[in-house]
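Remarks on the structure that follows.
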Amino acid sequence: MVSSTERYLDGHPGRNDGMRADAQRNYDRLLEEARQAFIVHGTDVALEDIARHAGVGIGTLYRHFPDRYSLMNAVFQQELDALTARSHELIAEDDPAQALITWLHAVAVHSAAYRGLAAAIMDAGDTRMVQCKTALRTAGGTLLRRAQQAGAIRDDATIADLLRLTSAIVLAVEKNPEERGLFGRLMSLAVDGMRTREDERPTEPAAEDVRGRADDSAREDAGRAADQDTGRDTDVRDGVPEDESPASRPG
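Taken in order, the sequence shown gives residues -8 to 242; the numbers are from my numbering.
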């Protein structure tokens, strides 16, 4: 059975071809009021309040947007266009890893502006917030693949995991508003975790150490061979040649 949300998402949120002028005005007012309400009050604001501030009834809101997630998709799609454009700009950066990190910071700022968006993206099922998640993953996926191909980001990282991690950081900051610098610290930890590291590879003896030990061994062998040629054995206990020990000297 196809839900009302799925039927809505088969269309084009934000595009209302053939809509009457008065219906278009209602649609636009609802979107603007929803955008402001999400920023000020969070995404769990009452839909009745959005409809009232838009000057329409709740029935009109539901005719345009079957449920809360349909409205959120329509509002956030407008904002996601900016994130998509930013990803296209960053694809030309010389440092692929830094380009990805810069974009994830932009996603975090976007999520923080709309309180509750991070939780909505993380909690939404396959048929909720579909367009929002798809747009984010498409925009960030290209940046991630480029960074992985450059060997700068771990191969097992996925854009879905990085977005979940970014959303989780935003949630943590939302729940701890009094802790200054928390966002920067958590993002720094996340960035360190996604980068590839030389010291994570299996360790082997350094080539210089191997050559050094081989040279020392060769010198020792050469020294013993020289002593044997002269017939002089070294007394290891006191470093005095055996044939010059006190017992062998004339009285």
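Heads up, the beta-carbon is just placed ideally off N, CA and C, and yes, glycines get one too.
Item	Value
Would you check if the distance between the CB atom of residue 132 and the CB atom of residue 150 is smaller than 7 angstroms?	yes
Below 7 angstroms between beta carbons: does that hold for residue 90 and residue 134?	yes
Give the single residue among 22, 84, 71 whose Cα lies nearest to the Cα of residue 62.	22
For residue 39, tell me which candidate among 85, 51, 30 has the shortest Cα-Cα distance.	51
I'd like to know whether the C-beta atoms of residue 24 and residue 41 end up nearer to each other than 7 angstroms.	yes
Whose CA, out of 83, 58, 93, lies closest to the CA of residue 74?	93
Give me the residue from 53, 20, 67, 106 with the minimum Cα distance to residue 44.	20
Which runs of the alpha helix (DSSP H), 4 residues or longer, sit entirely within the region 118 to 146?	121 to 140
Looking at residue 29 and residue 105, is the spacing between their C-beta atoms short of 7 angstroms?	yes
Evaluate residue 31 with the Cβ neighbour count: other Cβ atoms within 10 Å of its Cβ, from every protein chain shown; 16 or more gives buried, anything less gives exposed.	exposed
Measuring alpha carbon to alpha carbon, tell me which residue in 98, 160, 35, 55 is nearest residue 16.	55
Can you look up residue 186 in the DSSP assignment and give me helix, strand or coil?	strand
Got a sec? Which residues, its chain only, sit under 8 angstroms from residue 141 by beta carbon, not counting five neighbours each side?	87, 88
On the three-state DSSP scale, how would you describe residue 53?	helix
Got a sec, what are the start and stop residues for the alpha helix (DSSP H) residue 35 sits in?	Where residue 35 is concerned, there is no enclosing alpha helix (DSSP H), given that its DSSP letter is neither H nor E.
DSSP state of residue 167, grouped into three classes?	coil
Can you name, in chain order, every residue of its own chain whose Cβ lies under 6 angstroms from the Cβ of residue 95, other than the five neighbours on each side?	157
Classify residue 180 as buried or exposed, calling it buried when 16 or more other Cβ atoms lie within 10 Å of its own Cβ.	exposed
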